[in-house]
Every structure is written in structure tokens, then in C-alpha cells.
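**Q** To start, I am sharing the structure in question, which I have written as C-alpha cells.
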Amino acid sequence: MTAPTPDPHTVQGVCAPAYELLRDRLARNLSSGADLGASVAVVHDGDLVADLWGGEARPGEAWQEDTIVRVWSVTKTMASLTALVLADRGHLDLDAPVADYWPSFADERVLVRHLLSHTSGMSGWTEPLSTEALLDLPLANEMLARQEPWFEPGSGYHMVSYGHLVDGLVRGATGKPVSEVFAELIARSRCIPMPTTAIRCSSG
């Protein structure tokens, strides 16, 4: 027997009584159209205290408990946290040139702290590249490493190339991609159910 399709305007899932306001807010947003579909999970002191979802994942398809979504810039936090853990353990110096860890990185004015704070000046790729090349991290990383910053390091802000830059830095310091180091140092030790492939390209 086929299970009934959930009402897209009904919030599914469970939450502790202290978090019922989350259920109410999500239901209100779905009813008003402020959100077409969404999910929210809250972990407090290691306990899952809210796990809610509702709305539509796409037109005509209800949001499910296991609906997969793009997490976009949330992965920047994962990538930067990985680098900060390495710094805390003495594997990275925030005031050192990126080139100390990434030998092919051409501009020694760019420091690790510039790279982690979105101020390196490496705003994007000077040379055109295809989608396939963008997803080839070693290739795309090296294209960034060879070029000149688009502005004086530390004098501006950018976001598009962040994941590639942190990946290149972490690879240089550890010999492993940032996704693998994140899994080893953070996700597994904290029991975070995040596919490590989610931070393969955290530039969005």
C-alpha cells in the first residue's frame, strides 16, 4: 500500500517541548509562502532536540525527512574550521605567507589570515575555466595559485573562490584535501552526519 503524500503545509518531524516555537515558525512560514520548503535540526549538548521539515522540495514533490539540499556557504564554515583546528594544533600559522604551505602559490603578500578572512584578493579565476575544470580541485587550485591578486591582500572582500583556496592551503599543510581532513578532525569526532563530499567545492 502506498503511503499518503504529506500535506506540504503541515510540518513533519519531532521536537522537544522547549522548541515547539520552531515548529510554529516553520508552519507560519510555509503557510505564508515565506518558505516553499525547508527543514531544521537543532542539536543541544549532543542531543537532537528538533528535527522538523515541511513544504515542497520542488513543485508537486513534498519535502521529506531525507530530502537532500545544497548547503551552499555553510560549507565555508566547515572549511575554515578545519584550517583553524590545524592552526590550533600548530600545523598552520595564521600570520605566515600561504606560500609557506602551498609552494606554488605565487604571491607571498597573501597570508593565511587573508585567505581565511576572504581578503586574499584571489576573487576568482583570471583565466577562463569550464565547469569541469572548476570541479577539478587540484587544477582549479593551481590556476588560482599562479595568478596575481585582483586587489591588495587585506584591502577588500570576496567569496567565490574561498573553498578552492582553503582546500589548496590544507592540501599543502597536510597532503590531504580539506574534505578528508574535515572528516578526520571534526565530523567523525563530533558525529556530524555530513557527507564529506559536500565540502569538495565550497565556493558557492
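Numbering (my numbering), first residue to last: 41 to 244. Glycine included, each C-beta is placed from N, C-alpha and C at the ideal position.
#1: Candidates S201, V82, M183: which alpha carbon is nearest H158's?
#2: Quick one: residues in its chain with C-beta nearer than 8 Å to the C-beta of P217, no 5 flanking neighbours on either side, listed in chain order?
#3: In chain order, what residues of the same chain have a beta carbon less than 6 Å from the beta carbon of R98, not counting five sequence neighbours either side?
#4: Using the beta-carbon count (16 or more within 10 Å), is L155 buried or exposed?
#5: The beta strand (DSSP E) that contains A78, what's its start and end?
#6: Taking 8 Å as the threshold, find out whether the stretch 97-115 comes into contact with the stretch 175-195 through three or more Cβ pairs.
#7: Alpha carbon to alpha carbon, how far is D87 from G95?
#8: Scan the stretch 157-211 and note each continuous alpha helix (DSSP H) run of 4 residues or more that stays entirely inside, going in chain order.
#9: Which residues does DSSP list as the beta-bridge partners of E96?
#10: Tell whether a beta-carbon distance below 8 Å holds between P137 and L151.
#11: Locate the beta strand (DSSP E) running through V254, then write down its first and last residues.
#12: Is Y197 buried or exposed, if buried means 16 or more other CB atoms sit within 10 Å of its CB?
**A** The relevant details are as follows:
#1: S201
#2: L177, D207, V210, R211, R240
#3: none
#4: buried
#5: 77-84
#6: no
#7: 25 Å
#8: 171-175, 177-186
#9: A102
#10: yes
#11: With the chain covering 41 to 244 only, the question about residue 254 has no answer from this structure.
#12: exposed
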